[in-house]
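What follows is one structure encoded as C-alpha cells, with my remarks underneath.
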C-alpha cells in the first residue's frame, strides 16, 4: 500500500493526522474558515507545524475563535494574551485577530457569509492543480493575490498573498496534494 505523503509532512502523528484528515479537504463553515485564516496569519515568519502544535492553546486563548467575543477584547485582554506562553506572543498578530474579527462580521453581513465570500475567489469549487512534486507548488497564485488584495481593502491584517494561498490549500479551496500522495484525489 502506498504510504507516500506530501514532502512537507514530518513523522509527528499530529502532523500526519492534519495532512491526512484536514489539509486540502474542502471546508465551508464560516467560523472554521475564520479560525484557519487567523492561524495562517499567526504562521507568518514561522512554520505551520509550530502553529499546529499550539492550535488548541489558540482556541482556548481566543474563545474558540468566536468573532463576536474576540471583537470585544480590550487592552486588559491583550495583555493577558501577551502573557500566554501557549501562543505566539506577538502584539501585532494578536491585535490583527481582534481587528479581523470585526471585519469578519462586516464581510459576513455584506457578502452573504464569510465562507461564501472566500470561496468566490476560486469560483465556489475546489481547484485541483496537477502538482507532480513540491517544487511545482507555488507560494501564491492570481487567486490568492486577488483574495489578499480584497481582504486588505476591507481592512484585514496578516492576509498577504502567501498567507492566503496557504489558507486556500489548507481549507481545500485548492487541493495541492502532489500526484503520488495518498490523499491525492483525481
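Numbering (the UniProt record's numbering), first residue to last: 1 to 186. We treat Cβ as the ideally placed atom computed from N, Cα and C, and that holds for glycine. No experiment lies behind these values; they were computed from the predicted model shown.
Tell me the rounded alpha-carbon separation between residue i and residue j.
{"i": "residue 72", "j": "residue 45", "result": "27 Å"}
{"i": "residue 81", "j": "residue 52", "result": "18 Å"}
{"i": "residue 124", "j": "residue 132", "result": "25 Å"}
{"i": "residue 141", "j": "residue 63", "result": "32 Å"}
{"i": "residue 185", "j": "residue 155", "result": "35 Å"}
{"i": "residue 179", "j": "residue 128", "result": "11 Å"}
{"i": "residue 77", "j": "residue 93", "result": "14 Å"}
{"i": "residue 130", "j": "residue 146", "result": "21 Å"}
{"i": "residue 1", "j": "residue 75", "result": "Unreliable placement is indicated for residue 1, whose pLDDT of 46 sits below 50; the coordinate value is still reported in the next sentence. So the alpha carbons of these two residues sit roughly 54 Å apart."}
Taking the beta carbon of residue i as the centre, do at least 16 other beta carbons fall within 10 Å, making it buried, or is it exposed?
{"i": "residue 177", "result": "buried"}
{"i": "residue 91", "result": "exposed"}
{"i": "residue 161", "result": "buried"}
{"i": "residue 163", "result": "buried"}
{"i": "residue 115", "result": "buried"}
{"i": "residue 10", "result": "exposed"}
{"i": "residue 35", "result": "buried"}
{"i": "residue 144", "result": "buried"}
{"i": "residue 40", "result": "buried"}
{"i": "residue 89", "result": "exposed"}
{"i": "residue 98", "result": "buried"}
{"i": "residue 223", "result": "There is simply no residue 223 to check, as the chain begins at 1 and stops at 186 in what is shown."}
{"i": "residue 103", "result": "buried"}
{"i": "residue 153", "result": "exposed"}
{"i": "residue 135", "result": "exposed"}
{"i": "residue 33", "result": "buried"}
Less than 6 Å between C-beta atoms, sequence neighbours within five positions excluded: which residues of the same chain meet that for residue i?
{"i": "residue 25", "result": "172"}
{"i": "residue 148", "result": "159, 160, 161 and 164"}
Going by beta carbon distance, what residues of the same chain come within less than 7 Å of residue i, once the five residues before and after it are set aside?
{"i": "residue 101", "result": "67, 70 and 71"}
{"i": "residue 30", "result": "108, 113, 114 and 115"}
{"i": "residue 55", "result": "39"}
Between the options, which has its C-alpha nearest residue i's C-alpha?
{"i": "residue 95", "options": "42, 129 and 130", "result": "42"}
{"i": "residue 84", "options": "108, 112, 74 and 57", "result": "57"}
{"i": "residue 87", "options": "76, 60 and 107", "result": "60"}
{"i": "residue 150", "options": "136, 111, 27 and 134", "result": "111"}
{"i": "residue 8", "options": "49, 32 and 37", "result": "49"}
{"i": "residue 188", "options": "15, 105, 146 and 16", "result": "What the structure shows of the chain is the stretch from 1 to 186, and residue 188 is not part of that stretch, so it cannot be assessed."}
{"i": "residue 120", "options": "157, 75 and 168", "result": "168"}
{"i": "residue 37", "options": "175, 157 and 126", "result": "157"}
Once the 5 residues before and after residue i are set aside, which same chain residues still bring their CB inside 8 Å of it?
{"i": "residue 138", "result": "165"}
{"i": "residue 22", "result": "170"}
{"i": "residue 183", "result": "5, 6, 19, 20, 23, 24 and 177"}
{"i": "residue 3", "result": "182"}
{"i": "residue 28", "result": "115 and 119"}
So within the region 37-70, which uninterrupted alpha helix (DSSP H) runs reach at least 4 residues, ignoring any that extend past its ends? Look at the region 37-70 and you find these whole runs of alpha helix (DSSP H), each 4 residues long or longer: 48-61 and 67-70.
Scan the region 119-157 and note each continuous alpha helix (DSSP H) run of 4 residues or more that stays entirely inside, going in chain order. As far as the region 119-157 is concerned, its whole alpha helix (DSSP H) runs of at least 4 residues are 142-154.
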